[in-house]
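Line by line, the protein sequences are chains G and B. Take the first sequence: its letters are residues 949 to 1700, numbered as in the numbering used here. Take the second sequence: its letters are residues 949 to 1700, numbered as in the numbering used here. Backbone N, C-alpha and C fix where the C-beta goes; we use that ideal spot for every residue, glycine too. The block underneath contains the structure these notes are about, expressed in structure tokens.
Number of protein chains: 2
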Amino acid sequence: MDIKELLANDRVKPYVSKARFGIEKEGQRVDLSGNLATTNHPEILSARDEHPYIQRDFAETQMELITPVTDSVEELLSYLSAIHEVAYHSIGDQEMLWPLSMPPQLPESEEEIFIAKLKNVESVQYRRYLAETYGSRKQMISGIHYNFEFGDELIQALFNVQSDMDDYKQFKTEIYLKVTRNYLHYRWLVNYFYGASPSSEKNFFEDRPLNEPVRSIRNSRYGYTNSDDIKVSYSSIQNYVSDLSLMVKKGLLSEEKEFYSAVRLRNGHQIPHLETNGISYIELRNIDLNPFETHGISYEQAEFLHLFLLYLLSKDEGANKDEWVQEGDTLSDLVALEHPLQQTQLREEAETIIDEMEQLVEIMSLTVSNSFFTNLREMLADPSKTLAGRLFEESEKSSQSEVAIRLAKENFLQLWDKPYQLTGFIDMELSTQLLMFDAIQLGIRVEILDRQDQFLKLQFKDHVEYVKNGNMTSKDSYISTLIMENKTVTKKILHKRGFRVPLGDEFNDIEQALRSYEIFAATPFVVKPKTTNYGLGISIFKDGATYEDYQQALTLAFQEDTSVLIEEFLDGTEYRFFVLNDEVHAVLLRTPANVTGDGKQTIEELVNEKNLDPLRGKDHRTPLELIQLGELEQLMLKGQGYQLDSIPKKDEVVYLRENSNVSTGGDSIDMTDQIPDDYKKIAADAVAALGAKISGIDLIIEDINVPAAEHKAYGIIEANFNPSMYMHIYPYKGKSRRLTMHILHYLFPEVV
Amino acid sequence: MDIKELLANDRVKPYVSKARFGIEKEGQRVDLSGNLATTNHPEILSARDEHPYIQRDFAETQMELITPVTDSVEELLSYLSAIHEVAYHSIGDQEMLWPLSMPPQLPESEEEIFIAKLKNVESVQYRRYLAETYGSRKQMISGIHYNFEFGDELIQALFNVQSDMDDYKQFKTEIYLKVTRNYLHYRWLVNYFYGASPSSEKNFFEDRPLNEPVRSIRNSRYGYTNSDDIKVSYSSIQNYVSDLSLMVKKGLLSEEKEFYSAVRLRNGHQIPHLETNGISYIELRNIDLNPFETHGISYEQAEFLHLFLLYLLSKDEGANKDEWVQEGDTLSDLVALEHPLQQTQLREEAETIIDEMEQLVEIMSLTVSNSFFTNLREMLADPSKTLAGRLFEESEKSSQSEVAIRLAKENFLQLWDKPYQLTGFIDMELSTQLLMFDAIQLGIRVEILDRQDQFLKLQFKDHVEYVKNGNMTSKDSYISTLIMENKTVTKKILHKRGFRVPLGDEFNDIEQALRSYEIFAATPFVVKPKTTNYGLGISIFKDGATYEDYQQALTLAFQEDTSVLIEEFLDGTEYRFFVLNDEVHAVLLRTPANVTGDGKQTIEELVNEKNLDPLRGKDHRTPLELIQLGELEQLMLKGQGYQLDSIPKKDEVVYLRENSNVSTGGDSIDMTDQIPDDYKKIAADAVAALGAKISGIDLIIEDINVPAAEHKAYGIIEANFNPSMYMHIYPYKGKSRRLTMHILHYLFPEVV
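Below, the structure written as structure tokens:
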């Protein structure tokens, strides 16, 4: 069976790049000076022992970040980045993750290395056993496990075009066995490029076996290995399983998982099932942390591993399968123990492999990053460009430890830079990013069903909830959102239930509306299109209007919609109440874009100064928007007798916009603690009257110090079924209200 | 207080035409030969005793149709028409309603007039008392009660511009008392125009007091009146209430409601509350059934009464209020007993009133129907144009009874003509009209919150449900509808739950989609825009496609949406399953527009013949659409080697369209009983997997005789959260499935 030929078959080629990925990344928590943390794993990671994304490995300080399975390397790294952001914010701003595989300086006594304080007794006992058998120091080494699965479409296509085997499961298992043996044989190449553990810190080795730096202590015989008695054959799945069982039976291994091979065969269950169910994916375990990457691995590395595995699938292996693997062990150790700046002894072979990989890319019409092969060849030509080489060279200037601390701090700053976003998902809406952040923190599984559409699947154990736009959930009924969408219906229902709403009429043609002029002529009123929401076509007449103004307002409104509302204008301040499950969780005041004078700076300077706020940005990527100085703003200034270079008096507030939308540079001010309970009750009751569970309801309040019950003290403008949440979470002023967390607790009351 | 002047005040004028209306219309059920029905009130009107729309008055055969309160005469008549349609369909096609106020020929013995078989014992006892006191014959007279309320805005505006009274409630009561007294004084004018009970049928009078025909027996002393002992003053609310109480105390009346005045003062509660709560509306009771109107009253009549009441509000009354009313009684009787073809003795006064009404219309800038005043003046000049005059003249040719039967039959045909619609609401969607029909029948109150938006409020006792488009309800969660709206998410969820869906990919740019050509090249597949629903931009390749075709299909699809799906094409027949609350209630097969040859007629002739089906029409106003013979149809014919004048062989089916949408002339065929249960279970389970309660889910089935469990026997295309219902209720072929009724029973399980 010539797999290389099969891969090039037209019925296989379209699927060659299909694959699924997952990463587990360990790392030690350290304080800001680089000392191993003495704190416990963060309490806030609620689902601690069973957390799907953030776990502890051997030690209490050893964080393990676990991505979900993804269909692309891009998504893989997006999740890895998101989980890092959550991890950093969970451990707080006095700790960071050590960026090296080799741990920071360890305590003198092994006793002071605390194994993970898990609730599960067996998990703790297993770690105690490991500490006794291998010593706790060894267990402190960290790394990356790269889980890889060929796309089922690919294996299916390969199976369909071959005729040697009849059983699909068996075929698939053979595919993975071949790749595994080849990987074990050629893994020295990974050590060369990406080995990154040249030396250890104080107290790691009891005796110092290495005087010279190497490419990878971790992947050498001095790393994390089983004793030499452990022999497991990869020649067939039967041999693999029976060898492993034998090792356990003999007591050489406590459990199958104690077998520390560079590749673990997986099928999502315990080892015994491998033989019956076959291999469904493999786990590469020989990846050192990349110190130069915030998340411990680069896109190119992940891409390399994928391509390398495809290449190894196509490549012939040695005749004797066991020898082939054993040779690999020797070569891996050899390259791992080379000096980081030394040319590898296997350079020629490496060059051949790179050439063959490039050919494969061409034959298969695969796409790789720009300069993918150039970079690999450069690393081959110049060892100082490999990870180990770079780390060693940098460490020469000071020490490896200081380099690590510097890199960790850079990561720290980067990961705390924009707390309102998930860097891997910035194309999604801010509220959805924040909800994903919180879900990851709570240990609720997040799957993106439709990225453009902000459609998430959330899962905690067997409990599944679907969420769109962060707040559209199973808790609201369809009709309640349709009620909120229709301003006339909302008002009718609220009015009937005794709430105060601006009275008025709906018109479907301008003639009919014009005939009603006299009804409104002398009263304060608003003309607005029935369904547009962005302030377009709205005219406000605070003291009535002439017939001409009335006519013009109607013309404008009818340009936006076929139905127009004319409503009583209510005077007062508009507040947004965020209601969730009959309770007000946040109240926000929005003010139009403005600056406050200091008697010295011009309006333009004041705007520029205010725009320095890191929360302000463009295109809804930040919780607040930059104040613009465009035509509308200058017109507004002119109306007040100002220009851009006018200097407002100290404490004078100058408005640059009529409308108070955050999206046009307005400010958001949390008022939750200032608004009296009676208004909150009205908001919550009104939302309940609409049958809604999640709503942002807008109240005009004349004076919050006047009790709500007094005549005309408030009016309800509208209720929104998709209310923005991020503006409450990152307001311009006042307390943050973590609404996304409330949503999650509402959806998953069992998560505490 | 000169109300005429107040009405002309600029602050009052805008509100003058605001009013609220309601009608109660009685009528005797008769068989198709005009004999009083011997059947019971229809069982199907579930909420029988408490039915808000269809009740029994005195007798079991005497239907009382009751409109809700409306804000306009148009809406009033729309409801009256709808309730008539429901009433006719409820009594079945062997009965109709007698169109005259005077009953049809009565049984010889009063014993054979069955009083209404109500459950409530007191109601039955009251009717027995009436039968004993007045005789059952008298109680068989029917008529219209016209409930009228001035707009609260109007009374409020009047109150605001006057200074004589301080108490609003008292002011309002005085307004109504004045109008009532004037109405009682001038009601002879209504008798003249609209009196329509010139003579009685056999067995009505035991002795015949009238030898000559009159304008209105019903409104004369021979009609439905109290004994002469009953004297009630309208001079003040106190006098009215105390007089009534006295009558009851003396035993002259059994209850206040036995007082048969031409105007009843109302406030929605029992009489004793009138004094404390004031009058909130009045009930005009002297309106004879208009024999020439399907619903017993014309638009102009309703308009006249509104305008007449406004006029009476503006008109001065006599100095002695009690005398003023008593004079009215005399005048009313006088005009009622005039010969229908005789000029009225009060013609001059009538002309003055009409002139004054016209002046009022001008002063107040009110709008009335075209020729409103011309018609009134013609009736004044020519008594044969009054209702009594017309009925009498027509009866002269045969008999009043025969005229009545003919008119009843005309109504019968009209009310059965388009069973799929509610004539007063044809601007609304068919499914909503059908749901309203069923709600009215079940006695569930219907209020239209937004007519354009198909937004209804349904209420049974205290239980309120809101419904949009007939099937968007509180039962579905918001997220389930969003899931169904998103085809990719729907497929992902169904696929994960083990349902078969066409596999494929979503593409957001054409380049990326083009690169995937090889994946689909040789397979059957469909290219379609992600969110459009009307078949636009869809290309089907049943045997793969060339690159050029593939490219063109993508270009078309991307013109419709920014996301395009490429999916496996499933061969088979598409069925629509309507699932409600985990149960399949209907399965429909839709076929493209087609005709079946008879070996004689041309295609054009066959189409014309098929289009005669009364279910076919235009613009979704009918359950099926007319088959067109436009460009697309002719192209389709050409592709099969046909032209419009080709003559297909007998039993040959010729298709005129590719797509099977009912909206382009397709046929709908009910298959509910033909589809095996295993497919129904799949449909119901899939909808449940989406968390939905109401959905139209489309399955492609290769062969309904192959069990669903067999590999590839079906595939789920999509689930619709707003599935059409009328096409199941009025299919082209097969059984009707009354889904609107199922929806109502689902929303209101307490209604049986």
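Residue span of the alpha helix (DSSP H) that contains residue i, given as start and end
i: G:LYS1269; result: 1269-1284
i: G:MET1584; result: 1579-1587
i: G:GLY1337; result: 1335-1345
i: B:THR1544; result: Note, B:THR1544: premise wrong, no alpha helix (DSSP H); beta strand (DSSP E) at 1542-1544.
i: G:GLN1307; result: 1295-1311
Environment of residue i [buried if 16+ CB atoms lie within 10 Å]
i: G:ILE1702; result: This structure cannot settle anything about residue 1702 of chain G, because the visible part of chain G is limited to 949 through 1700.
i: B:GLU1326; result: exposed
i: B:GLU1083; result: The displayed chain sequence assigns Gly, not Glu, to residue 1083 of chain B. The residue is exposed, with fewer than 16 neighbouring Cβ atoms inside 10 Å.
i: G:SER1313; result: exposed
i: G:MET1420; result: buried
i: B:SER1346; result: exposed
i: B:ASN1139; result: buried
i: G:GLN976; result: buried
i: G:SER1168; result: buried
i: G:ALA1267; result: exposed
i: G:TYR1077; result: exposed
Contact set between residue i and chain G, taken where Cβ atoms lie within less than 7 Å
i: B:GLU913; result: Because chain B is modelled from 949 through 1700, residue 913 of chain B falls outside the range shown and cannot be assessed.
7 Å Cβ cutoff, residue i in contact with chain G
i: B:PRO1477; result: no
i: B:TYR1414; result: yes
i: B:PHE1403; result: yes
i: B:LEU1739; result: The requested residue 1739 of chain B is not part of the displayed model; chain B covers only 949 to 1700.
Neighbour flag for residue i against chain B, beta carbons, 7 Å
i: G:MET1420; result: yes
i: G:GLU1552; result: no
i: G:LYS1373; result: Contrary to the premise, residue 1373 of chain G reads as Phe rather than Lys in this sequence. It does not: the Cβ of G:PHE1373 has no partner Cβ on chain B nearer than 7 Å.
i: G:GLU1466; result: yes
i: G:LEU1604; result: no
i: G:ASP1398; result: yes
i: G:ILE1514; result: no
Proximal residues of chain G, C-beta to C-beta of residue i below 9 Å
i: B:GLY982; result: Ordered by position in chain G, no residue passes the 9 Å Cβ test against B:GLY982, which lies about 44 Å from the chain.
Beta strand (DSSP E) segment containing residue i, residue limits
i: G:VAL978; result: 967-979
i: G:LEU1462; result: That residue, G:LEU1462, is in no beta strand (DSSP E); its alpha helix (DSSP H) goes 1458-1463.
i: G:PRO1477; result: 1473-1477
i: B:SER1428; result: From DSSP, B:SER1428 is part of no beta strand (DSSP E) but of the alpha helix (DSSP H) over 1426-1433.
i: G:VAL1394; result: 1393-1398
Chain-ordered neighbours of residue i on chain B, where CB pairs are closer than 9 Å
i: G:ASP1424; result: SER1425, TYR1426 and ILE1427
Residues that residue i contacts on chain B, provided the C-beta gap is smaller than 8 Å
i: G:SER1511; result: GLN1400
Residues of the region 1430-1452 of chain G with a CB closer than 7 Å to any CB of chain B: list them in chain order, please. LEU1430, ILE1431, ASN1434, THR1436, VAL1437 and LYS1440
In the region 953-966 of chain B, which residues sit with their C-beta less than 9 Å from some C-beta in chain G, listed in chain order? ASP958, ARG959, LYS961, PRO962 and TYR963
Please name the residues in the region 1639-1654 of chain B whose beta-carbon is closer than 7 Å to at least one beta-carbon of chain G, in chain order. GLY1639
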